[in-house]
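**Q** Each residue of the sequence shown is one higher than the last, beginning at -3 in my numbering. Ideal Cβ positions, reconstructed from N, Cα and C, are used throughout, including at glycine.
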Amino acid sequence: PDFVEKYVELRHTLGVKTRNLWATKIDQGVIDQYYDKADIRMLPGGLGERFRSTIFMYDDQVLYISSLPSGYALLVRSAEHIEMMRALYGVLWDTSTPIAEGK
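#1: How far does the alpha helix (DSSP H) with Ile78 in it extend, from its first residue to its last?
#2: Consult DSSP for Tyr54 and reduce its assignment to one of helix, strand or coil.
#3: Evaluate Tyr54 with the Cβ neighbour count: other Cβ atoms within 10 Å of its Cβ, from every protein chain shown; 16 or more gives buried, anything less gives exposed.
#4: Would you mind stating whether Ser62 and Ser74 have Cβ atoms separated by less than 8 Å?
#5: Enumerate, from N- to C-terminal direction, the unbroken alpha helix (DSSP H) stretches of 4 or more residues contained entirely within the segment 16 to 71.
#6: Do you know offhand how far Glu79's Cα is from Leu88's?
#7: Report the partner residues of Pro94 according to the DSSP bridge assignment.
#8: Please name the residue or residues paired with Thr9 in a DSSP beta bridge.
#9: So Asp32 and Arg15 are in contact, right, with Cβ under 8 Å, and what is the actual spacing, rounded?
Structure follows, in structure tokens:
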């Protein structure tokens, strides 16, 4: 929890706008507190159960963080890998449904 708070604070301070794909809806209060500069979309039906890890993409890096029961994290630094992941994310983004506008 401490890391998440610091991460969100830094993201807000730097004015970073994120794009988030979610499997289930989250309370509006959580969106307002942690995702005020985010574009949020819901994954198409049936896909959410298969996406239990969190994926962060930035620069030439992809960070995978598992669900708590699995307990792993993996960082891949590769221009080729992030190019592929951005293409896959783009397809998911285009087929997902917007749920909230960032402030």
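**A** This is what the structure holds:
#1: On the sequence shown, residue 78 is found 82 positions in, with the first residue counted as 1. Per DSSP, Ile78 belongs to the alpha helix (DSSP H) from Ala75 to Thr91.
#2: Position 58 of the sequence shown holds residue 54. Here Tyr54 sits in strand by DSSP.
#3: Along the sequence shown, read from residue 1 onward, the residue named residue 54 stands at position 58. Under this definition Tyr54 is an exposed residue.
#4: Taking the sequence shown and counting its residues from 1, one reaches residue 62 at position 66. Taking the sequence shown and counting its residues from 1, one reaches residue 74 at position 78. Against a cut-off of 8 Å, the Cβ pair of Ser74 and Ser62 comes out as no contact.
#5: 24 to 30
#6: Start at 1 with the first residue of the sequence shown, and residue 79 comes out as number 83. Start at 1 with the first residue of the sequence shown, and residue 88 comes out as number 92. When rounded, the distance between both Cα atoms is 15 Å.
#7: On the sequence shown, residue 94 is found 98 positions in, with the first residue counted as 1. In DSSP, Pro94 forms a bridge with Arg37.
#8: Along the sequence shown, read from residue 1 onward, the residue named residue 9 stands at position 13. Beta-bridge pairing links Thr9 to no other residue.
#9: The count along the sequence shown starts at 1 and reaches residue 32 at position 36. The count along the sequence shown starts at 1 and reaches residue 15 at position 19. Not confirmed; about 14 Å, so no contact.
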